[in-house]
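Undergrad:
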Amino acid sequence: MLDPKLLRNELETVAQALKTRGYELDSAAFQALEDRRKALQVETENLQAERKRKSKEIGIAKSKGEDASAILAEVETFGAKLTECEQQLNALQGELRDLQMGIPNLPHASVPAGEGEEDNVEIRKWGEPAEFGFEPLDHVDLGSKVGGMDFETAAKISGSRFSVMYGPLARMHRALIQLMLDTHTQLHGYKEVYAPYLVNPESLQGTGQLPKFEEDLYKLRGDRELYLIPTAEVPVTNIVRDEILQEADLPLRFTAHTPCFRSEAGSGGRDVRGMIRQHQFEKVEMVQLVKPEQSYQALEELTGHAEAILQKLGLPYRVVVLCTGDMGFSAAKTYDIEVWLPGQGKYREISSCSNFEDFQARRMQARYRPEGSKKPELLHSLNGSGLAVGRCLVAVMENYQQADGSIRVPEALQPYMGGVEVIPAV
RNA sequence: GGUGAGCUGGCUGAGUGGUUGAAAGCAGCGGUCUUGAAAACCGCCGUAGGUUAAUAGCCUACCCGGGGUUCGAAUCCCUGGCUCACCGCCA
Numbered sequence: 064m065l066d067p068k069l070l071r072n073e074l075e076t077v078a079q080a081l082k083t084r085g086y087e088l089d090s091a092a093f094q095a096l097e098d099r100r101k102a103l104q105v106e107t108e109n110l111q112a113e114r115k116r117k118s119k120e121i122g123i124a125k126s127k128g129e130d131a132s133a134i135l136a137e138v139e140t141f142g143a144k145l146t147e148c149e150q151q152l153n154a155l156q157g158e159l160r161d162l163q164m165g166i167p168n169l170p171h172a173s174v175p176a177g178e179g180e181e182d183n184v185e186i187r188k189w190g191e192p193a194e195f196g197f198e199p200l201d202h203v204d205l206g207s208k209v210g211g212m213d214f215e216t217a218a219k220i221s222g223s224r225f226s227v228m229y230g231p232l233a234r235m236h237r238a239l240i241q242l243m244l245d246t247h248t249q250l251h252g253y254k255e256v257y258a259p260y261l262v263n264p265e266s267l268q269g270t271g272q273l274p275k276f277e278e279d280l281y282k283l284r285g286d287r288e289l290y291l292i293p294t295a296e297v298p299v300t301n302i303v304r305d306e307i308l309q310e311a312d313l314p315l316r317f318t319a320h321t322p323c324f325r326s327e328a329g330s331g332g333r334d335v336r337g338m339i340r341q342h343q344f345e346k347v348e349m350v351q352l353v354k355p356e357q358s359y360q361a362l363e364e365l366t367g368h369a370e371a372i373l374q375k376l377g378l379p380y381r382v383v384v385l386c387t388g389d390m391g392f393s394a395a396k397t398y399d400i401e402v403w404l405p406g407q408g409k410y411r412e413i414s415s416c417s418n419f420e421d422f423q424a425r426r427m428q429a430r431y432r433p434e435g436s437k438k439p440e441l442l443h444s445l446n447g448s449g450l451a452v453g454r455c456l457v458a459v460m461e462n463y464q465q466a467d468g469s470i471r472v473p474e475a476l477q478p479y480m481g482g483v484e485v486i487p488a489v
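According to our numbering, the first sequence is numbered sequentially starting from 64.
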């Protein structure tokens, strides 16, 4: 959520900035709502003050044993008016809040302007795509060569966009998770978190998935109103919802491995082959909660932490900064890390690292008390995948494939796989 | 799942319809005293919204959430959540 004061005081500037990311703010309509709100709120509060005074007088009169019917009659004259004002104000504030909850974050000044994916800007590249002496296969074909990936069975059990893995591939998938968690906890200073996979609507509202993107989520039937998490970002960031932290507690760095569930409602027929885009996938997530002045440095570091995993695995990648039009709803700035997939002959997203500034914190009321200051301030939140596990497995398979269809195990992964060096073709 | 008891400010805890945004204690902050510290004493000490140039003043709201009764609700009623205890079931 944007700062309501900013929205009021610099409506046109805000509207301009939102336009760069393809969001049209109807500033005239907003201004009209805001004007009505102001008038109505002042009137309502004045009436409330009046009622409070009179009620107090009634109390005093009664305690003295005096007759209070005159004041009582007086209150009645504006009682109905007050009720009406309160109801109108409530409705109006609800309307304003709904509108504000649907406005995306403002892009940071350093974010390049653009409309879509094609306008993202490459920042750096690491590693060289390997030369194969043969036509490299994609992970689906490799999967059947080593006998470890089964989409037909997954379709029988659940439907499309699910996968079943067996044997060494399933083990490598698990090994990747261990490598990522160990790296982030031991080298990068994150605290490992185990958190719920089912969350309430308040949490989803806090991180920005609700109210606007409900169709992307799986909602449980039943009387409890719970959703499957689309990312660990939701439960982990919400750890600090409605909390006031001490300055000394910051920065907080959390990492968590969770499954992620996404309906992929809007993805049409994209990436239907293989395990690039699934309804269920594993991810190791990094979350940071920091002081505002440190958040952009934290974004650079966090991006580096995700890159470190790819470097350990020897997977070529590039980092792009998303343009204004391609960023997610809550982000002020986002780096995508794209890994090289020989099977597709292109770079594909494997991590997304974002600074949300105080956008999520305001929705969550996540604050800290600066040293020596009375007033709590909103903190800044960031997160990034470190990394998407399924896509990482795909990248390892495709980059480490050999002519006979076997797959070498990257050195960094071998300790997590009992020393296995090659997954043989069967 | 059943039965019962709870949920009040950073913490403990009083308050069952009226000048209560809320006693008291602890913690914290400022001061007096002291060479310094402790003790003692004095004062301050919740969050948000509105108005405003203002983090000044004034106003409003908030005692787990939502709804209701009333001129007036922390207090009464309904509903949801959570915590604790016991029973049942269970990895």
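Quick reminder that beta carbons are idealized off the backbone N, C-alpha and C, glycines included. Here the structure is a predicted model, which means the values were calculated and not measured.
Starting from D491, trace the beta strand (DSSP E) in both directions and tell me its first and last residue.
TA: In this structure the chain extends from 64 to 489, so residue 491 is not present and cannot be described.
Undergrad: Using beta-carbon positions only, say whether Q268 and V297 come within less than 8 Å of one another.
TA: To locate residue 268, count along the first sequence from 1; it is residue 205. To locate residue 297, count along the first sequence from 1; it is residue 234. In this structure, V297 does not lie closer than 8 Å to Q268 by Cβ.
Undergrad: Please state whether the Cβ-Cβ distance between S417 and A394 is less than 8 Å.
TA: Taking the first residue of the first sequence as 1, we reach residue 417 at position 354. Taking the first residue of the first sequence as 1, we reach residue 394 at position 331. Going by C-beta atoms, S417 is nearer than 8 Å to A394.
Undergrad: Report yes if the CB atom of R340 is closer than 8 Å to the CB atom of E327, and no otherwise.
TA: Translated into the one-based positions of the first sequence, residue 340 becomes position 277. Translated into the one-based positions of the first sequence, residue 327 becomes position 264. Closer than 8 Å, so yes.
Undergrad: Drop a sphere of 10 angstroms on the beta-carbon of S448, count the other beta-carbons inside from all chains shown, and report buried for 16 or more, exposed for fewer.
TA: Position 385 of the first sequence, counting from 1, holds the residue named residue 448. By the 10 Å Cβ count, S448 comes out buried.
Undergrad: Can you check whether the CB of V174 is closer than 8 Å to the CB of T387?
TA: Numbered from its first residue, the first sequence carries residue 387 at position 324. Numbered from its first residue, the first sequence carries residue 174 at position 111. Yes, the pair counts as a contact, with Cβ atoms nearer than the cut-off.
Undergrad: Give me, in chain order, the residues of the same chain whose beta-carbon lies closer than 8 Å to that of I134; leave out the 5 immediate sequence neighbours on both sides.
TA: Residue mapping note: residue 134 aligns to position 71 of the first sequence, counting from 1. Closer than 8 Å at the Cβ level, and outside the excluded window around I134, lie K117, E120, I121 and A124.
Undergrad: Helix or strand or just coil, what does DSSP make of F422?
TA: Taking the first sequence and counting its residues from 1, the one referred to as residue 422 is at position 359. In the structure shown, F422 sits in a helix (DSSP, three-state: H, G or I).
Undergrad: At a cut of 8 Å, does the stretch 279 to 292 reach the stretch 350 to 370 through at least three beta carbon pairs?
TA: Output reads no: the stretch 350 to 370 does not touch the stretch 279 to 292.
Undergrad: Hey, how far is the Cα of A369 from the Cα of L450?
TA: Position 306 of the first sequence, counted from the start, is the residue given in the question as residue 369. Position 387 of the first sequence, counted from the start, is the residue given in the question as residue 450. Cα to Cα, the separation comes out at about 6 Å.
Undergrad: Here's the rule I'm using: 16 or more other beta-carbon atoms within 10 Å means buried, otherwise exposed. How should I413 be labelled?
TA: In the first sequence, the residue the question calls residue 413 occupies position 350. I413 is buried by the Cβ-count criterion.
Undergrad: Please report how far the alpha carbon of Q423 lies from the alpha carbon of L476, in whole angstroms.
TA: For the purposes of this step, residue 423 is identified with residue 360 of the first sequence, where counting begins at 1. For the purposes of this step, residue 476 is identified with residue 413 of the first sequence, where counting begins at 1. Distance between the alpha carbons of Q423 and L476 is about 35 Å.
Undergrad: Between the beta-carbon of E420 and the beta-carbon of Y410, is there less than 8 Å?
TA: Position 357 of the first sequence, counting from 1, holds the residue named residue 420. Position 347 of the first sequence, counting from 1, holds the residue named residue 410. Contact: no.
Undergrad: Classify I372 as buried or exposed, calling it buried when 16 or more other Cβ atoms lie within 10 Å of its own Cβ.
TA: For this step, residue 372 is matched to residue 309 along the first sequence. Per the 10 Å Cβ criterion, buried.
Undergrad: Could you have a look at Y229 and say whether DSSP puts it in helix, strand or coil?
TA: Walking along the first sequence from the start, residue 229 turns up at place 166. It is coil, neither helix nor strand.
Undergrad: Once you ignore the five residues that flank G453 on each side, which residues in its own chain have a CB closer than 7 Å to its CB?
TA: Against the first sequence, residue 453 aligns to sequence position 390. The residues are M338, Q341, F344 and E345.
Undergrad: Name the residue from G85, M235, T83 and K101 whose alpha carbon lies nearest to the alpha carbon of R71.
TA: In the first sequence, residue 71 corresponds to position 8, counting from 1. With distances taken between Cα atoms, R71 lies closest to K101.
Undergrad: Judging by CA-CA distance, which residue of L96, E147, A258 and R234 is the nearest neighbour of E158?
TA: The residue labelled residue 158 in the question sits at position 95 within the first sequence. If we check each option's Cα against that of E158, L96 comes out closest.
Undergrad: Tell me whether the beta-carbon of F324 lies closer than 8 Å to the beta-carbon of P167.
TA: Position 261 of the first sequence, counted from the start, is the residue given in the question as residue 324. Position 104 of the first sequence, counted from the start, is the residue given in the question as residue 167. No, the Cβ-Cβ distance between F324 and P167 is not below 8 Å.
Undergrad: Could you give the DSSP three-state label for M427: helix, strand or coil?
TA: In the first sequence, counting from the first residue as 1, residue 427 sits at position 364. M427: helix per DSSP, three-state reduction.
Undergrad: Quick one: complete alpha helix (DSSP H) runs, 4+ long, within the stretch 399 to 484?
TA: Taking only runs of at least 4 residues, the alpha helix (DSSP H) segments lying wholly in the stretch 399 to 484 are 422 to 427 and 452 to 462.
Undergrad: Kindly indicate which three-state DSSP category H171 falls into: helix, strand or coil?
TA: As a working note, residue 171 is residue 108 in the first sequence. Three-state DSSP puts H171 in coil, outside helix and strand.
Undergrad: I'd like to know whether the C-beta atoms of L205 and I470 end up nearer to each other than 8 Å.
TA: On the first sequence, position 142 is the one that residue 205 refers to. On the first sequence, position 407 is the one that residue 470 refers to. Result yes, Cβ atoms of L205 and I470 sit closer than 8 Å.
Undergrad: How would you call L283, buried or exposed, if buried means at least 16 neighbouring beta carbons within 10 angstroms?
TA: Position 220 of the first sequence, counting from 1, holds the residue named residue 283. Under this definition L283 is an exposed residue.
Undergrad: Have a look at L110, A154 and A218 and flag the residue whose alpha-carbon is nearest the alpha-carbon of T140.
TA: As a position in the first sequence, residue 140 is number 77, starting the count at 1. The shortest C-alpha separation from T140 is found at L110.
Undergrad: Using DSSP bridges, identify the partner residues of V384.
TA: The residue you call residue 384 lines up with position 321 of the first sequence. V184 and Y398, per the DSSP bridge assignment.
Undergrad: Going straight from the alpha carbon of G142 to that of E106, what length do you get?
TA: Counting from one through the first sequence, the residue named residue 142 turns up at place 79. Counting from one through the first sequence, the residue named residue 106 turns up at place 43. Looking at the two C-alpha atoms, the distance is approximately 13 Å.
Undergrad: When you compare the CB positions of P231 and V457, do they come within less than 8 Å of one another, or not?
TA: Taking the first sequence and counting its residues from 1, the one referred to as residue 231 is at position 168. Taking the first sequence and counting its residues from 1, the one referred to as residue 457 is at position 394. Result no, Cβ atoms of P231 and V457 do not sit closer than 8 Å.
Undergrad: Can you list, in chain order, the stretches of the alpha helix (DSSP H) that have 4 or more residues and sit fully within the stretch 275 to 347?
TA: Counting only runs of 4 or more, we get 296 to 300.
Undergrad: Count the other CB atoms within 10 Å of the CB of L69; is the residue buried (16 or more) or exposed (fewer)?
TA: The residue you call residue 69 lines up with position 6 of the first sequence. By the neighbour-count rule (16 or more Cβ atoms within 10 Å), L69 is not buried but exposed.
Undergrad: To which residues does DSSP link Q351 through a beta bridge?
TA: Within the first sequence, the letter at position 288 stands for residue 351. Paired residues: R316 and L445.
Undergrad: Find out if the Cβ-Cβ distance for the pair V299, F317 is shorter than 8 Å.
TA: Translated into the one-based positions of the first sequence, residue 299 becomes position 236. Translated into the one-based positions of the first sequence, residue 317 becomes position 254. Closer than 8 Å, so yes.
Undergrad: Shortest alpha-carbon distance to R287 belongs to which of G179, I302, P264 and Y479?
TA: Taking the first sequence and counting its residues from 1, one reaches residue 287 at position 224. Answer by Cα proximity: P264.
Undergrad: Consult DSSP for D213 and reduce its assignment to one of helix, strand or coil.
TA: The residue labelled residue 213 in the question sits at position 150 within the first sequence. DSSP places D213 in strand when its eight states are reduced to three.
Undergrad: Using 8 Å as the cut-off, can you tell me whether the stretch 428 to 443 makes contact with the stretch 208 to 225, which would need three or more C-beta pairs spanning the two stretches below that distance?
TA: Too few Cβ pairs lie closer than 8 Å, so no.
Undergrad: Is it the case that the Cβ atoms of D389 and G179 are separated by a distance below 8 Å?
TA: Mapped onto the first sequence, residue 389 falls at position 326. Mapped onto the first sequence, residue 179 falls at position 116. Yes, they are a contact pair.
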